[in-house]
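Asks:
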Amino acid sequence: MGIRPGVVTGKDYQAVIEAAKAGGYALPAVNVVGTDSVNAVLEAAAKAGSDVVIQLSNGGAQFFAGKGYPDATEAKVLGAVSAAQHVHLLAERYGVCVALHTDHANKKLIPWVEALIGHSERHFEATGKPLFSSHMLDLSEETLEENIALSKAMLTRMAAIDMSIEIELGVTGGEEDGVGHELVEGADNSHLYTQPEDVLYAWNELSPVGHFSVAASFGNVHGVYKPGNVQLRPEILRNSQDLVQRTHGTGHNPLHLVFHGGSGSEPAKIAEAVTYGVFKMNIDTDTQWAFAKAVGSYLRDNPKAFLHQIDPDDGTPYKKQYDPRKWLRKGEESMVERLQRAFADLGSTGRSAAR
Ligand SMILES: [Zn+2]
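With the first letter of the sequence shown counted as 1, position 282 gets the number 320 in this note's numbering; the numbers rise by one all the way through.
1) Helix or strand or just coil, what does DSSP make of M174?
2) What's the call for E112, buried or exposed, on a 16-neighbour Cβ count within 10 Å?
3) Using alpha carbons as the reference points, say which of L154, L281, E183 and A110 lies closest to S171.
4) Could you name each continuous alpha helix (DSSP H) segment of 4 residues or more that falls completely within the region 282-358, going from the start of the chain to the end?
5) Once DSSP output is grouped into helix, strand and coil, what is the label at E180?
6) Taking C-alpha atoms, which residue in H260, D176, Y231 and V259 lies nearest to R276?
7) Under DSSP, the beta strand (DSSP E) around T140 begins and ends at which residues?
8) Could you round the C-beta distance between A58 and F317 to whole angstroms and report it? I think they count as a contact, below 8 Å.
9) Let's see if you can read the secondary structure: which residues bound the beta strand (DSSP E) around L154?
10) I need the straight-line Cα distance from N144 to E206, nearest angstrom please.
11) With three or more C-beta pairs closer than 8 Å as the rule, is the region 41-58 touching the region 104-111?
12) Determine the DSSP secondary structure at E81, reduced to helix, strand or coil.
13) With DSSP run on the structure shown, which of helix, strand or coil describes N69?
14) How long is the line joining the alpha carbons of K342 and Q359, rounded to whole angstroms?
15) Run through DSSP, which three-state label would I55 get?
16) Ligand 1 heavy atoms versus the CB of N258: any closer than 6 Å?
17) Determine the DSSP secondary structure at A143, reduced to helix, strand or coil.
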């Protein structure tokens, strides 16, 4: 191998994906909301010796710029740019390859993605690299034809600056930052399964234009729900791969697939999905929980430090305990630990393509 560590885009990003597929592993794609979570992901990847994907939802990007920023629309753009610049500066020093993505953008959020592409175009002109490796366009609420036509137009612009697109076919259950479908418990959830014919259509339209990945639905759900609600059927991914391979005479697993709603999934189903060409598994709920759980337990261990600056009984100063670095660090450490499990589940531990 031998890819330079740091943010990977274009051919380097595709080489990281090919390495994962050839090596039979996948990378976690972790949603971040600030430098704390970004640094935890970088630390976790370096510790595991794995490459990783860092991504922002539109809400995460807004939070990155500051919830108090007066213009929310602008904050979603500036926050994503700020996060990307932070990652570009640091990723290389952590010694692993990092792909930068944005998460679900429905039709309403197309202007957000377009503004970010504008920033990448300027970054490309200045440095030869886009700011982001890939953006996701989730038009699964539109007709298949419209979904693919709009994605194709977007990819045409992105491919010119070495960017990749992630599209969604079928519906990932649950909701991510206001995009997606609330899961109706016990309802007929047949819309949660992607049709292989739709995937073939996407391949036919997009592969001549540029690099793309597909979030295909196989019963995966955002968030963590009680078990038994939806059946994970990873074989749907295999059927899509087989149809494209048969139709076009490609090699094995031609599609680059993305597993959304990875939180709470059984390791065996994750491993099975990886054998069908999944190279990226999104994880958010489980890393949020890891962060919160550790902060919660720190608060329980040091209750007085969060009520008094100085102990009212014996005058002990609590500055050392309430210093945000103390409890934010607990959250980071717990996130780093949870991610070691994600790398292990996906088989990427020790497999970084960076040299
Ligand atoms: Zn998702």
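C-beta atoms are modelled at their ideal positions from N, C-alpha and C, and glycine is treated no differently.
Computed from a predicted structure; not experimentally measured.
Replies: Per the coordinate set shown:
1) strand
2) exposed
3) L154
4) 305-313 and 323-339
5) coil
6) Y231
7) C135 to T140
8) 5 Å
9) Looking at the DSSP string, L154 is not in any beta strand (DSSP E); the run it does join, the alpha helix (DSSP H), is I148 to T165.
10) 10 Å
11) no
12) helix
13) strand
14) 9 Å
15) helix
16) no
17) coil
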